[in-house]
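In our numbering, the protein residues as written are 10 to 168. Think of the CB as a built atom: it goes at the ideal place given N, C-alpha and C, for glycine as much as any other residue. Accompanying notes for the structure given below.
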């Protein structure tokens with residue numbers, strides 16, 4: 010129901026899980042999914058409030074930190090987002106989601122070599138997932154580094 014329904018029924022179920030679960034990780038996961046849904050629906054304020062409530066209980070919660078970092082990047086608060094993403098990577102250096110956001114933050118900040126390095130790391134960590142491969146290829150194309158696109162695409166197809 011939750012995966013297939015983006016509507017109020019799924020959110021009600023997630024809210025019930027968040028309210029009734031005695032397991033902090035389960036509660037935080039349910040709240041994070043609600044925050045993601047709210048963000049996708051354009052209610053950034055509600056999403057941020059939920060994310061902040063999770064981080065108040067668990068400042069190192071990866072999902073909530075990723076959501077907040079994405080918001081900070083949209084708001085061009087790049088230094089804060091970069092610091093938060095680096096903290097995630099200290100705990101989990103295999104987080105391709107954190108690496109992708111970090112790459113985007115560096116890209117927007119004009120640090121293209123750092124962005125390139127992080128897109129490349131995300132690609133390797135994700136084992137060349139198609140979505141990650143395409144994001145890296147788009148970066149290479151947009152930044153005039155197209156000569157490296159073909160090898161990246163070929164490596165992605167070999168996986």
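Straight-line measurement puts the Cα of residue 19 at about 10 Å from the Cα of residue 46. Straight across, the Cα-Cα distance linking residue 86 with residue 123 is about 17 Å. A straight line joining the alpha-carbon of residue 61 with that of residue 121 spans about 30 Å. Contact check for residue 76 against residue 90 fails: the beta carbons are separated by 8 Å or more.
The three-state reading of DSSP puts residue 32 in coil, since its state is none of H, G, I, E or B. Here DSSP, grouped into helix, strand and coil, assigns residue 139 to helix. Look at the region 74 to 145 and you find these whole runs of alpha helix (DSSP H), each 4 residues long or longer: 87 to 100, 105 to 118, 121 to 134.
Here DSSP, grouped into helix, strand and coil, assigns residue 25 to helix.
For residue 56, the enclosing alpha helix (DSSP H) starts and ends at 53 to 66. When the Cα atoms are used, residue 103 and residue 134 turn out to be separated by approximately 6 Å. For residue 84, the closest of 98, 113, 158, 42 by C-alpha to C-alpha distance is 113. The C-beta separation of residue 37 from residue 73 comes to about 7 Å, placing the pair in contact by the 8 Å criterion. Looking only at 55, 54, 41, 147, the smallest Cα-Cα distance to residue 129 is reached by 147.
With distances taken between CA atoms, residue 39 lies nearest to 24 out of 24, 141, 119.
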